[in-house]
Amino acid sequence: MSSITQVNYPRMSELKRTTAEVHDNLDNKIMAQSPFTSKENYGDFLRFQYLLLKHVEPIYQSEQLIVFFSDLAQRNRCTDIVLDLHDIGMKTHNLEQQIDINSLTIAQAVGWLYVIEGSKLGAAMLAKEVTQLDLNAEFGARFLAGPGNGRGSQWRGFMQAVEALNLTNDEEQQLYQGAKQAFATAHQLLDVVYQ
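Residue numbers for the sequence shown follow the working numbering, so the first one is 29 and each next one is one higher.
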């Protein structure tokens with residue numbers, strides 16, 4: 029993040045700093061599988077994304093979090109990824125284990141949201157890559173498409189909402205803990221797909 033961003037979004041800057049290594053490791057593990065060289069590889073990537081998005085779906089349905097993120101339900105990409113799976117001939121299943129929203133504090137849940145929402149920024153580049161496979165925002169890659177108001181605008185709104193949270197020192201630590209838990213779970217789900 030730029031110095032201006034660090035001044036305006038200190039909490040978001042700290043989230044990025046504390047998760048940088050585990051984030052980079054996850055990106056490298058994903059790209060090592062060459063997800064855009066064939067539809068088969070893309071199918072594995074899609075299955076990983078499906079498992080992750082279904083796992084966190086209860087967070088997007090949380091009435092407590094909607095108080096802080098009014099567009100929370102619209103940010104959920106589960107419907108899109110199910111359609112994407114069907115487009116490329118893959119079936120969904122009910123084996124996914126969803127997060128227990130009641131086991132998370134508000135701050136932890138926001139840490140999880142930071143990871144999932146942040147992944148949408150990288151999706152812009154991935155949406156271009158997937159066109160090599162004749163997939164796009166209408167077929168096979170809906171979940172990579174940006175929102176109508178643009179990724180940047182939606183991300184700024186999210187950052188502002190996170191910065192506006194009134195957290196105690198303990199809750200601040202829970203926020204970072206939640207983000208690290210989200211990355212750890214993403215690593216585990218990736219291993220499930222590529223074991």
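Virtual Cβ for every residue (Gly too), placed ideally from N, Cα, C.
These figures come from a predicted structure and were not determined experimentally.
Helix, strand or coil: which one does DSSP assign to residue i?
i, result
"Gly139", "helix"
"Asn104", "coil"
"Arg170", "helix"
Residue i lies in the alpha helix (DSSP H); which residues open and close that run?
i, result
"Lys57", "Pro38 to Met59"
"His215", "Asn197 to Tyr222"
"Asn69", "Lys67 to Tyr88"
"Ser181", "Arg179 to Ala192"
"Ile94", "Glu91 to Ile94"
Since residue i and residue j should fall inside the 8 Å C-beta cutoff, what is the C-beta to C-beta distance between them, to a whole number of angstroms?
i, j, result
"Tyr70", "Leu161", "6 Å"
"Val100", "Gly206", "Before going on, a small fix: residue 100 reads as Leu here, not Val. Rounded, the Cβ-Cβ distance is 15 Å, inconsistent with contact."
"Leu203", "Gly139", "5 Å"
Whose CA, out of the options, lies closest to the CA of residue i?
i, options, result
"Asp128", "Val221, Ser90 and Asn36", "Ser90"
"Arg179", "Leu193, Phe167 and Lys148", "Lys148"
"Leu193", "Leu163, Lys44 and Leu93", "Leu93"
Is it the case that the Cβ atoms of residue i and residue j are separated by a distance below 7 Å?
i, j, result
"Val84", "Ile144", "yes"
"Tyr78", "Ile109", "yes"
"Leu172", "Leu80", "no"
"Val50", "Phe186", "no"
"Val221", "Phe76", "yes"
"Val190", "Met59", "no"
"Phe64", "Val158", "yes"
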